[in-house]
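To keep things clear, I will list the structure first and then write my remarks on it.
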Amino acid sequence: MDIVEEIALGYGIENITPKLSPSQTLGEKSLMTKKLELISKTVVGFGFTEVLNSSLTSKKILFDFTNRDSSQIISVMDSKSQEHTILRDSILPGLVENLSKNIHESYPQRIFETGTVFLKQNQFLR
């Protein structure tokens, strides 16, 4: 891509006429996405608030709340932050952290999340 950009800059971007691709396709949501959206809408309809936590988390959040064995963690190399060093293998610790940070709010705090978790099986990421 860099070489295309260099050629375009050398030629002069203002000299390039934009054109639409001759082929067109219509996008469609996957069946899994449709199911997750239906589940989310249903749970929101029951009065819950959907939260969205990062898939990157810390050892403290992931294991302090659950007291689990840390041998199955998937660490991120060269993380820019100590808060984001591990791929989560459970959604629950993030939800507990949400509740602990919002302890001053009135109860009940009815929250849920649908999201990706990362599991290691036979040394492979699943």
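Each residue of the sequence shown is one higher than the last, beginning at -2 in the numbering used here.
Every residue, glycine too, gets a C-beta built ideally from N, C-alpha and C.
Practice task
Using three-state DSSP, classify residue 45 as helix, strand or coil.
Solution key: In the sequence shown, counting from the first residue as 1, residue 45 sits at position 48. Correct three-state label for residue 45: coil.
Exercise for the section: Using alpha carbons as the reference points, say which of 36, 6, 0, 9 lies closest to residue 109. Expected result: Walking along the sequence shown from the start, residue 109 turns up at place 112. Selected option, being the one with the closest Cα: 36.
Exercise for the section: State buried or exposed for residue 19, treating a residue as buried only when at least 16 other CB atoms are found within 10 Å of its CB. Expected result: Within the sequence shown, the letter at position 22 stands for residue 19. By the neighbour-count criterion, in which a residue is buried when 16 or more other Cβ atoms sit within 10 angstroms of its Cβ, residue 19 is exposed.
Handout entry: residue 27 to residue 84 span [Cα, whole Å]
Key = Start at 1 with the first residue of the sequence shown, and residue 27 comes out as number 30. Start at 1 with the first residue of the sequence shown, and residue 84 comes out as number 87. The alpha-carbon separation between residue 27 and residue 84 amounts to approximately 24 angstroms.
Handout entry: residue 6: first and last residue of the uninterrupted alpha helix (DSSP H) it sits in
Key = Taking the first residue of the sequence shown as position 1, residue 6 is located at position 9. Run containing residue 6: -1 to 8, per the alpha helix (DSSP H) assignment.
Problem - Anticipated Cβ contact below 8 angstroms, residue 82 with residue 56, distance rounded - result: In the sequence shown, the residue the question calls residue 82 occupies position 85. In the sequence shown, the residue the question calls residue 56 occupies position 59. Between residue 56 and residue 82 the Cβ distance is about 7 angstroms, and since that is below 8 angstroms, they are a contact.
Practice task
Could you tell me if residue 91 is buried or exposed, where buried requires 16 or more neighbouring beta carbons within 10 angstroms of its beta carbon?
Solution key: Stepping through the sequence shown from its first residue, residue 91 is reached at position 94. Flag for residue 91 reads buried.
Problem - Span separating the alpha-carbon of residue 70 from that of residue 39 - result: Numbered from its first residue, the sequence shown carries residue 70 at position 73. Numbered from its first residue, the sequence shown carries residue 39 at position 42. Approximately 32 angstroms between the Cα atoms of the pair.
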